[in-house]
Amino acid sequence: MTEDFLHYIWKFQRFNPHSLKCVNGEQLEVINAGMHNFDSGPDFFNSRLRIDNTEWAGNVEVHLRSSDWYKHGHQDDKVYDKVILHLVWEDDQPVKRANGDLIPTLELKGRVNRVVLEKFEALNKSKDWIPCENDFTNLEEIYVSQQLNRMMVERLEEKSSRLDRLLKLHTNDWEEVFYQLLCRYFGFKVNATPFELLSTTLPFSLLRKHQQSLMQLEALLFGQAGFLNENFKGDYPLKLQKEYRYLAKKYQLKSMDVSLWKFMRMRPSNFPTIRLAQLAALINKYQKFFSPLVEKSQVEELTSFFKVEASDYWESHYRFDVPAARRQTKKMGKQSIEILLINVVSPLLFNYGQVKGDGKFKDRALELLEKLPAEKNSITKKWNNLGAPLESAFHSQALIQLKNKHCDFKKCLTCILGNAILKKE
């Protein structure tokens, strides 16, 4: 038994209401269960009850045992003076207010349907990949759809909150925020951390000054990343090294530790050197770095924004001074661009809509996810095995949120799917 389960039982009145009495014998009728409070203070606000012939309006506090009132120190907290009912699973001690008045107590033990209790216990004790794994395939599509819609909005709101903090830190410079978020996902998980560190040690405000020179952009990015601290033989890396040393002295830059970058167990096209060259090409391509994302509404237009090639040197190299076996244009691939649209563009559009108070950008953020294919990873693979819908990135993102932020913490009582299972008696 948990307090969260008692919250659920009271909120949805999932107990036997007939001949309801407080532990002292007073007749009790629930007019309104009240508003569930997820912050500090009593668990339910603005509840309305009839005790004997008197109607009361106030708060309800929930505990497993009535003695928990004293364990939690509520007797010394004036916030709890307006509690009109103490809801407990087991009454083991009379509870009084600070003025000595007895607080009406309702004991729920024996009033909750045994089937509901058993289903809750099964979910709570489940060791499956998700608690409702055995019931998931039997859930109605409408419940799954409603929960995924909720999860997708929740995910974008969480990401939007992080972007709010970045915006505040960079005094509403959208280009700087876009650049920092872009860098994180240009690392494509394996090199996300060093890319993120790079964006903080080499701000966009500095790169902006050299946006028209691809060579200077590469010098700054490769130099700051720590790749230009070797004894080179080739003309191009030597040229970048010389330029970085000049710019580093000018801007008082200190390069990163190159060992932070990972090359092992990845395709050469995903090497951080190639990604850095593509990032330089992208910054060089657009003098206005953020506004095109706001102006473009079609997936094809947004995809085109990221279609860049690494500079000529990288056609024959994957690392400095190490010639490749064959020449090849290093373009941003379709799947890489889709990852950026999902994790960078959609959250930015959503946040832009929130900040500007314009719902059309939030709608575009959601529509973009609906038009992109679902991601393929270990989480979506398991959802697919359970028969979950995976028709678009909207679904995959929502399912990732559901798994990571709800299922893993067994938040079944606040989940539409968990509620649907508990309602089946």
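Under the working numbering, read the sequence shown as residues -14 to 410, first letter to last. Glycine included, each C-beta is placed from N, C-alpha and C at the ideal position.
Check the DSSP bridge columns for residue i and list the partner residues they point to.
i      : result
Thr39  : Ile36
Asn17  : Arg33
Gln12  : Lys6
Pro308 : His302
Lys316 : Glu294
Glu46  : His71
Is the beta carbon of residue i sitting closer than 9 Å to the one on residue j?
i      : j      : result
Tyr271 : Phe248 : no
Tyr164 : Leu325 : no
Gln131 : Ile401 : yes
Val340 : Leu166 : no
Glu126 : Pro374 : yes
Leu49  : Val73  : yes
Trp159 : Phe335 : no
Cys117 : Gly372 : no
Leu191 : Phe207 : no
Cys168 : Leu91  : no
Leu232 : Ala266 : no
Tyr303 : Phe256 : yes
Leu70  : Val45  : yes
Phe305 : Gly172 : no
Pro332 : Leu148 : yes
Met136 : Lys347 : no
Ala262 : Ala310 : no
His21  : His3   : no
Ile322 : Lys367 : no
Leu154 : Leu387 : no
Gly19  : Asn31  : yes
Lys94  : Glu75  : yes
Mind reading off the beta-carbon distance from residue i to residue j? Whole number of angstroms is fine, and I expect it under 8 Å.
i      : j        : result
Asn422 : Arg33    : Shown here, the chain extends from -14 to 410; a query on residue 422 therefore has no answer.
Val414 : Asp28    : In the structure as shown, the chain begins at -14 and stops at 410. Residue 414 is therefore absent and cannot be evaluated.
Pro89  : Glu40    : With 8 Å as the limit, Pro89 and Glu40 do not qualify as a contact, their Cβ atoms being about 13 Å apart.
Lys97  : Ile259   : With the sequence shown as reference, residue 97 is identified as Val, and Lys is not the correct amino acid for it. Going by Cβ atoms, the distance from Val97 to Ile259 rounds to 60 Å, so no, they are not a contact pair.
Ile435 : Gln196   : Since the first residue of the chain shown is -14 and the last is 410, residue 435 is not available in this structure.
Val129 : Arg(-1)  : Their Cβ separation, rounded to whole angstroms, is 22 Å, which puts Val129 and Arg(-1) out of contact at 8 Å.
Leu398 : Asp(-11) : 5 Å
Leu264 : Leu278   : Incorrect: roughly 16 Å between the Cβ atoms, too far for contact.
Lys104 : Ile327   : Not a contact, Cβ separation roughly 35 Å.
Ala350 : Gly338   : 7 Å
Leu353 : Val284   : 7 Å
Pro251 : Val175   : With the sequence shown as reference, residue 251 is identified as Met, and Pro is not the correct amino acid for it. About 6 Å; that satisfies the 8 Å criterion.
Taking 8 Å as the cut-off, is the CB of residue i close to at least one heavy atom of the ligand HEM?
i      : result
Lys273 : Judged by which ligands are present, the structure shown has none, so any question about the ligand HEM falls away.
I'd like to know whether the C-beta of residue i is nearer than 9 Å to at least one C-beta of chain C.
i      : result
Val330 : The structure shown has no chain C; it contains just one protein chain.
* Scan the stretch 76 to 117 and note each continuous beta strand (DSSP E) run of 3 residues or more that stays entirely inside, going in chain order. => Counting whole runs of 3 or more residues, the stretch 76 to 117 contains the beta strand (DSSP E) stretches 90 to 92.
* Asked: Looking at C-beta atoms only, is the number of pairs between the stretch 73 to 82 and the stretch 358 to 366 that lie closer than 8 Å three or more?
  -> No: the two stretches stay apart, fewer than three of their Cβ pairs being nearer than 8 Å.
* So, do the stretch 206 to 214 and the stretch 171 to 188 have three or more beta carbon pairs nearer to each other than 8 Å? -> Enough Cβ pairs lie closer than 8 Å, so yes.
* **Cβ contact (3+ pairs, closer than 8 Å) linking the stretch 312 to 327 and the stretch 296 to 303** => Contact annotation: the stretch 312 to 327 touches the stretch 296 to 303, with at least three C-beta pairs closer than 8 Å.
* Contiguous beta strand (DSSP E) assignments of at least 3 residues, all confined to the stretch 212 to 273 -> List check, beta strand (DSSP E) in window: nothing returned.
* To do: Report yes or no: do three or more beta-carbon pairs, one from the stretch 56 to 63 and one from the stretch 105 to 121, lie closer than 8 Å?
  => Fewer than three beta-carbon pairs drawn from the stretch 56 to 63 and the stretch 105 to 121 are found closer than 8 Å, and the two stretches are therefore not classed as touching.
* Below 8 Å, can you find three or more Cβ-Cβ pairs linking the stretch 112 to 127 to the stretch 227 to 246? -> Touching, no, given that fewer than three Cβ pairs across the two stretches are closer than 8 Å.
* Cβ contact check for the stretch 129 to 144 and the stretch 19 to 28: 3 or more pairs under 8 Å -> Judged by Cβ distances under 8 Å, the stretch 129 to 144 makes no contact with the stretch 19 to 28, as fewer than three pairs qualify.
* Sufficient close CB pairs (3 or more, under 8 Å) joining the stretch 346 to 361 to the stretch 379 to 395 -> Yes, since at least three Cβ pairs between the stretch 346 to 361 and the stretch 379 to 395 fall closer than 8 Å, the two stretches touch.
* Unbroken alpha helix (DSSP H) runs of length 4 or more, entirely within the stretch 320 to 387: which are they? -> Here the runs fully enclosed are 331 to 341, 344 to 356 and 363 to 370.
* Runs of alpha helix (DSSP H) wholly within the stretch 138 to 218 (minimum 4 residues, chain order) -> Taking only runs of at least 4 residues, the alpha helix (DSSP H) segments lying wholly in the stretch 138 to 218 are 159 to 171, 177 to 186, 189 to 192 and 199 to 209.
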